[in-house]
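Here is the structure we will look at.
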Amino acid sequence: MLILGIESSCDETAAAVVVGGTRVLSDVVASQIAVHSPYGGVVPELASRKHVEGILPVIEEALAGAGVGLTDVDAVAVTQGPGLVGALLVGLSAAKAISYALGIPLIPVNHLEGHMCAAFLGGDPLDRPFVCLVVSGGHTAIYLVEPEGESRCLGTTRDDAAGEAFDKVAKLLDLGYPGGVVIDRLSAEGNPQAFDFPKAFLEKDSLDFSFSGVKTAVAHFVTRHGPPSSARRSGSYRVEDLAASFQEAIVEVLVQKTMAAALRHSVKDVALAGGVAANRRLRERFREEAAYRGFTLHVPPARLCTDNAVMIAAAGYRAWKRNGFCRAPAELDARSRWL
Ligand code: KG4
Ligand code: ZN
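According to full-length UniProt numbering, the sequence shown is numbered sequentially starting from 1.
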């Protein structure tokens, strides 16, 4: 089963060819970071235009990289949502055209399910129910995943996604975009205990998240102590300490809630997915806590944590195994929200 995966939900145009759900023949990602960087965040209109420019070359590169032609493809899997509608429509239209022209199945994929499926690509067997934290720029949620079946959301964010909090704080501190990567890098030189930012655990037993409070706390800190540019001159605080302390407040909540979910549902495997899963401190803390509690941890390589089309092809394969091919209708539409 050779699946062409296509992803265009946000600011990466991606295509990949994957055989049997796990054997990756090609993995092409055209990033739009340079386009959005001056604005400190993704500009939806620019994203759509860049996807239009990039989609066909990216698909052609993925096919060439895999050493296959379009006629070798058995099915097309494409992100239907959630995401930016204008961006999603570009990938969806390309996938529909290929499916229609070749008379092959079109498999609509939930982007979050795609992120979860990256857990199956790490190489370790994952054939029991597991708890997966999907933590990205648009979403932060904990799922209970049945290897052959559906997944169930156990908790989600009530305001910002964790990646969104990283990006907004980086913008506030004038550190550049995407913020998560910069804060990760600065934090490596900082003291995570330097400042005590609020960790929102919410009500007892809640598996939901809230990250707007910690973001506001950083804003108040900057109002009181000045921006990083003046702190660097005056030495009033170290930007690295500020970044590390903010990062620690987010990481600790993510780790503790995911471990609590795994204990509550008596699973033995825990997985980490989504762009923020590339964060080094998050990976380190997950490794420590999983080892301490006797869980097996599954973390995809960083490249498969951020948006890509390999995970979409993998999710398409799982959908096929589960449901067979129900050929998606031609009027299939993009979904901006889809839990
Ligand atoms: O999964 P993704 O590529 O796109 C969405 O579906 O949102 O995730 C992008 C997010 C951004 O918010 C980015 O700042 C964050 O992932 N991110 C990181 C790191 N690398 C990417 N956050 C923290 N540490 C990182 N190393
Ligand atoms: Zn994503």
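We put the beta carbon where it would ideally sit given N, CA and C, even for glycine. The structure presented is a predicted model; accordingly, all values stated were derived computationally and were not measured.
Exercise for the section: Under 6 Å Cβ to Cβ from V109, same chain only, skipping five residues before and after it: list those, please. Expected result: A77, T79, I312, A315 and G316
Practice task
Counting only the same chain and skipping the five closest in sequence on each side, list residues whose C-beta sits under 7 Å from that of residue 342.
Solution key: Only positions 1 to 339 of the chain appear in this structure, which leaves residue 342 out of reach.
Handout entry: Secondary structure of G114, DSSP reduced to three states
Key = helix
Problem - Host beta strand (DSSP E) of T258 (start-end) - result: T258 -> not in any beta strand (DSSP E); alpha helix (DSSP H) instead, spanning V239 to R264.
Practice task
Using a threshold of 8 Å, state whether the C-beta atoms of D269 and F120 are closer than that.
Solution key: no
Problem - Helix, strand or coil at H36 according to DSSP, with G and I counted as helix - result: helix
Handout entry: Y287 (DSSP reduced to helix, strand or coil)
Key = Contrary to the premise, residue 287 reads as Arg rather than Tyr in this sequence. Helix at R287.
Practice task
Would you check if there are 3 or more beta carbon pairs closer than 8 Å linking the segment 99-118 to the segment 271-282?
Solution key: yes
Handout entry: Between the CA atoms of G137 and Y177 - distance to the nearest angstrom
Key = 12 Å
Exercise for the section: Express the C-alpha separation of D74 and C180 in angstroms, rounding to a whole number. Expected result: It is worth fixing the name first, because residue 180 is Gly in this sequence and not Cys. In a straight line, the C-alpha of G180 is about 37 Å away from that of D74.
Handout entry: Nearest candidate by alpha-carbon position, reference D160, set S212, F197, P301 and V239
Key = S212
Handout entry: S212 CB to nearest heavy atom of the ligand ZN below 7 Å
Key = no
Practice task
Please determine, among I3, D241 and E7, the residue with the shortest C-alpha to C-alpha distance to A309.
Solution key: E7
Exercise for the section: Please state whether DSSP places F120 in a helix, a strand or coil. Expected result: helix
Handout entry: Residue range of the beta strand (DSSP E) that includes F130
Key = F130 to V135
Handout entry: Residue span of the alpha helix (DSSP H) that contains Y317, given as start and end
Key = V310 to N323
Practice task
Grab the span of the alpha helix (DSSP H) containing residue 345 for me, first residue to last.
Solution key: Nothing about residue 345 can be read from this structure; the chain reaches only from 1 to 339.
Problem - For V255, the nearest candidate out of A244, K50, A95 and C132 (CA to CA) - result: C132
Practice task
Pull up the CB-CB distance for V253 and R285, whole angstroms please, since I reckon it's below 8 Å.
Solution key: Going by Cβ atoms, the distance from V253 to R285 rounds to 11 Å, so no, they are not a contact pair.
Exercise for the section: Could you spell out where the beta strand (DSSP E) holding T13 opens and where it closes? Expected result: E12 to V19
Practice task
Measuring alpha carbon to alpha carbon, tell me which of R337, P38, Q32 and L4 ends up nearest T22.
Solution key: L4
Practice task
Kindly indicate which three-state DSSP category A200 falls into: helix, strand or coil?
Solution key: coil
Handout entry: the segment 285-297 / the segment 153-170 touching (three or more Cβ pairs under 8 Å)
Key = no
Handout entry: Short Cβ contact (8 Å threshold) for P192 with Q247
Key = yes
Handout entry: Three-state class that DSSP yields for P337 in the structure shown
Key = According to the sequence displayed, residue 337 carries Arg and not Pro. It is coil, neither helix nor strand.
Handout entry: Those residues, in chain order, that have a beta-carbon closer than 5 Å to some heavy atom of the ligand ZN
Key = S136 and D307
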